[in-house]
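This report concerns only the one structure given below.
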Amino acid sequence: MAKGPITSSAMNKLMKKFKATGSLESHPRSGRPSAVAAVATTVEQTVQTISAVSAHRECNAREVLRQTGVSYGCVWRPLRITLKRYPYKLQHNQELKPRDFD
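With positions in the sequence shown counted from 1, the corresponding number in our numbering is that position plus 721.
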């Protein structure tokens with residue numbers, strides 16, 4: 722699709738839609754509703770609860786999975802995308818020596 726100036730017919734359609742509905746938002750579509758928002762709030766509340774109780778102020782996806790009972794993918798997605806948390810465990814590495822840089 723080429724982006725450019727809006728055509729007069731497109732502008733007329735927008736004006737007609739605005740006069741009819743009072744908004745330019747899309748109408749709700751049929752089909753199965755997305756459960757992402759509901760699961761995201763549940764996951765967020767569980768993460769806050771676990772973080773408040775945990776001594777290290779951290780939690781992982783599997784712990785949230787155990788407490789919420791939803792699938793791993795449904796827990797991972799809100800953790801990563803919505804809450805900007807990264808559900809993986811950080812690992813400690815050995816100290817680098819000067820000879821490692823050669």
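Glycine residues also receive a C-beta, built at the ideal position from the N, C-alpha and C atoms. Remember, predicted model here, so these are calculated numbers, not experimental data.
Burial state of A782 is buried, judged by a 10 Å Cβ sphere holding 16 or more other Cβ atoms. Around F739, the same chain offers L745 as residues with beta carbons nearer than 8 Å, after the five sequence neighbours per side are excluded.
Residue range S729 to T742 is occupied by the alpha helix (DSSP H) that includes F739.
Per the Cβ contact rule, the segment 757-774 is not in contact with the segment 723-736 (fewer than 3 Cβ pairs under 8 Å). In this structure, the alpha-carbon of G752 lies about 22 Å from that of T762.
V785: member of the alpha helix (DSSP H) spanning A782 to T789, first to last residue. By alpha-carbon distance to R801, the top candidate from V785, G790 and Q815 is V785.
Looking from the CA of Q769, the closest CA among L817, P726 and R806 belongs to R806. Under the DSSP assignment, G794 falls in the alpha helix (DSSP H) whose first and last residues are Y793 to R798.
Non-local beta-carbon contacts of Q788 in its own chain, meaning distances under 6 Å to residues more than five positions away in sequence, involve T767 in chain order. One Cα belongs to V764, the other to S747, and the distance between them is close to 28 Å.
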